[in-house]
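Presented below is the structure to which this report refers.
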Amino acid sequence: FNVNVDLLGLDSNVSEVIKLRLKEVESCIGGEAPLASILLIGSIMEGMLLGMATTYPQQFNKAPSAPKEKDTGKVRTFPNWTLNNYIDVASEVGMLKQDVKKFSHVVRDFRNYIHPYEQMSSRFFPDKQTALICLQVLKAAISQIGSFRKNQQGGTHS
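Numbering-wise, the working numbering comes out as the position in the sequence shown, counting from 1, plus 3.
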């Protein structure tokens with residue numbers, strides 16, 4: 004299925020970058036560069052969730068799993084959150100359903116193979132099908148977040 008990034012209601016500059024990266028993901032998948040596409044998908048997911056956190060700062064900061072500084076106990080500033088944090092909190096506030104949350108963590112794990120030694124020690128060499136699965140998870144996340152945004156603005160759940 005196709006999704007409309009504009010439904011996320013992100014800053015127009017961020018939306019344009021995400022759209023460009025989505026096109027690049029499709030080029031990578033078509034060009035037999037599955038690892039590159041997976042790394043980009045993780046990057047898009049993180050950027051998209053950071054955008055949602057800045058749109059709904061109270062909900063993200065008050066979530067029980069919001070990451071806190073060890074010394075002060077204060078919630079970390081958004082740029083200091085990890086993709087893991089964003090996924091968990093997005094689920095807690097109702098942006099991501101349990102299924103997409105779990106699949107998003109797998110995409111996050113795969114994205115972490117950006118580190119060559121991680122990839123080498125795990126012997127992770129994804130193929131095109133794995134990249135397509137990761138892309139589908141991203142599309143599902145975009146769809147669920149779009150529905151959340153619509154509900155927040157008084158629309159109906161799609």
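Think of the CB as a built atom: it goes at the ideal place given N, C-alpha and C, for glycine as much as any other residue. No experiment lies behind these values; they were computed from the predicted model shown.
In the three-state reduction of the DSSP assignment, K100 falls in the coil class. Contact annotation: M55 and L141 have beta-carbon atoms that are not nearer than 8 Å. Of all alpha-carbon atoms in V103, E27, G50 and T85, the one lying nearest the alpha-carbon of A144 is that of V103. One Cα belongs to E121, the other to F113, and the distance between them is close to 10 Å. One alpha carbon belongs to G50, the other to G76, and they sit about 25 Å apart. Checking the DSSP bridge columns, you'll see K142 has no partner listed. For the set L86, G97, S18 and K65, the Cα lying nearest the Cα of Q155 is the one of G97.
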